[in-house]
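Top to bottom, those sequences are chains A and B. Okay, so the first sequence: first residue is 1 according to this note's numbering, each after it adds one. Okay, so the second sequence: first residue is 159 according to this note's numbering, each after it adds one. All residues carry an ideal CB built from backbone N, CA and C; glycine is no exception. Since the structure is predicted, the reported quantities are computational estimates derived from the model, not experimental observations. Have a look at the structure below before the remarks.
2 protein chains.
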Amino acid sequence: MYIQLLYMKELEDILKTKSEISLAKKTVINISLTSVDFRDSISNVLKPFDISIEQFNVLRILRGQNGKPTNLQDIQDRMVSKMSNTTRLVDKLILKGFVERFVCEHNRRKVEIFITKEGLKALETIDPLVLSSETKLTEALSKDELITLNTLLSKLRD
Amino acid sequence: MYIQLLYMKELEDILKTKSEISLAKKTVINISLTSVDFRDSISNVLKPFDISIEQFNVLRILRGQNGKPTNLQDIQDRMVSKMSNTTRLVDKLILKGFVERFVCEHNRRKVEIFITKEGLKALETIDPLVLSSETKLTEALSKDELITLNTLLSKLRD
DNA sequence: CAACTACCTTTGTATATACAATTGTTGTAC
DNA sequence: GTACAACAATTGTATATACAAAGGTAGTTG
Numbered sequence: 001m002y003i004q005l006l007y008m009k010e011l012e013d014i015l016k017t018k019s020e021i022s023l024a025k026k027t028v029i030n031i032s033l034t035s036v037d038f039r040d041s042i043s044n045v046l047k048p049f050d051i052s053i054e055q056f057n058v059l060r061i062l063r064g065q066n067g068k069p070t071n072l073q074d075i076q077d078r079m080v081s082k083m084s085n086t087t088r089l090v091d092k093l094i095l096k097g098f099v100e101r102f103v104c105e106h107n108r109r110k111v112e113i114f115i116t117k118e119g120l121k122a123l124e125t126i127d128p129l130v131l132s133s134e135t136k137l138t139e140a141l142s143k144d145e146l147i148t149l150n151t152l153l154s155k156l157r158d
Numbered sequence: 159m160y161i162q163l164l165y166m167k168e169l170e171d172i173l174k175t176k177s178e179i180s181l182a183k184k185t186v187i188n189i190s191l192t193s194v195d196f197r198d199s200i201s202n203v204l205k206p207f208d209i210s211i212e213q214f215n216v217l218r219i220l221r222g223q224n225g226k227p228t229n230l231q232d233i234q235d236r237m238v239s240k241m242s243n244t245t246r247l248v249d250k251l252i253l254k255g256f257v258e259r260f261v262c263e264h265n266r267r268k269v270e271i272f273i274t275k276e277g278l279k280a281l282e283t284i285d286p287l288v289l290s291s292e293t294k295l296t297e298a299l300s301k302d303e304l305i306t307l308n309t310l311l312s313k314l315r316d
């Protein structure tokens, strides 16, 4: 399982001890460490099912299409990752029997991808576990605090 | 340059439109997207210098040692990443002339790593650029808002 | 002191990502 | 209608990470 671990534990210590660190730097570190924690937890939820977070996201995109044909570009537009990656993510999902790939008849440059029944079934099992994990990850904050946090993050990302 | 891009743009849309998404899920997505933005920006700052964020972090750890011998385990303890990775990160920094590696005389199992003058010089150039980027990334929020944000994040990560 | 264990690092394999180049298809312009 | 550009996807290479296994060194124990 792929868990992204980018920032130093040392920086975590700095966060606690040296308050003279710039607020900007502190914020960047804090966000990054939190993100790593989240990603780690969700990866652990997915681990028994042998799919990565990225594969999980592709599956959810395909389910969201409700059977409509989805080409790689469509998936790509909904991912932040690069095209190159999407091809290979789909390769792995095909191997697992969760998706199928066909050449588009109307435009042979395109490739159409569908989620299989097995893929849907896997999502049904996994979804509530992920949601449960997400709930647990955020339970240290009250509803109001979470709303404040989300407001600040949205403002930050404009 | 290595920019990790984990969550879907689609989820970003959900963030804005469908308010019925669970607050927990929303928070996890928001944090992840923010982290990706930050990482992307800092990677772009480092790109002209041809070093990754991870390599940059190793260099800062070594500088923090002020010439004291630093073995891989020391670096490892300050990184969140795995040992296996640290060996290869150091390999690449050696190729760039930023660090040196020697077998420890007192304990031949250990490997001592030092930052070179060139490594220090690179850090001196890069540090203010990174700080500037971090400042820009957070300037949408006031000082008080940043303090609130950091407080909430710390609470979340306990 | 030989065997065992613990320690420190390295190596191997699979996954994910960034970026660049390439392949194959469609559409367009001359 | 052939050459060229645009489009859609794939492939190649380098980096980073997770996890497991292996290698070499030091200490410990019978």
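Around the beta carbon of K26/A, 16 or more other beta carbons lie within 10 angstroms, which makes this residue buried.
Pairing S133/A with D249/B, the inter-Cα distance amounts to about 37 Å. In this structure, R39/A sits near I53/A, with a CB-CB distance shorter than 8 Å.
Any Cβ of chain B closer than 8 Å to the Cβ of E145/A would place that residue at the interface, and such an atom is present. At a Cβ-Cβ threshold of 8 Å, T135/A and A298/B do not count as neighbours.
For A280/B, no CB of chain A lies under 8 Å from its own CB, so it is not counted at the interface with that chain.
Taking C-beta atoms as the reference points, N215/B and M241/B fail to come closer than 8 Å.
In the DSSP assignment, I115/A falls outside any alpha helix (DSSP H) and lies within the beta strand (DSSP E) extending over 111-115. With contacts defined by Cβ atoms closer than 8 Å, T228/B and E270/B form a contacting pair. Contacts with chain A at 8 Å (Cβ-Cβ) do not include S201/B. Among the CB atoms of chain B, none fall inside 8 Å of the CB of D74/A. By DSSP's assignment, T34/A forms no beta bridge with any residue. By the neighbour-count criterion, in which 16 or more other beta carbons inside 10 Å mark a residue as buried, N188/B falls on the buried side. CA-to-CA, the gap between T283/B and V103/A works out to about 50 Å.
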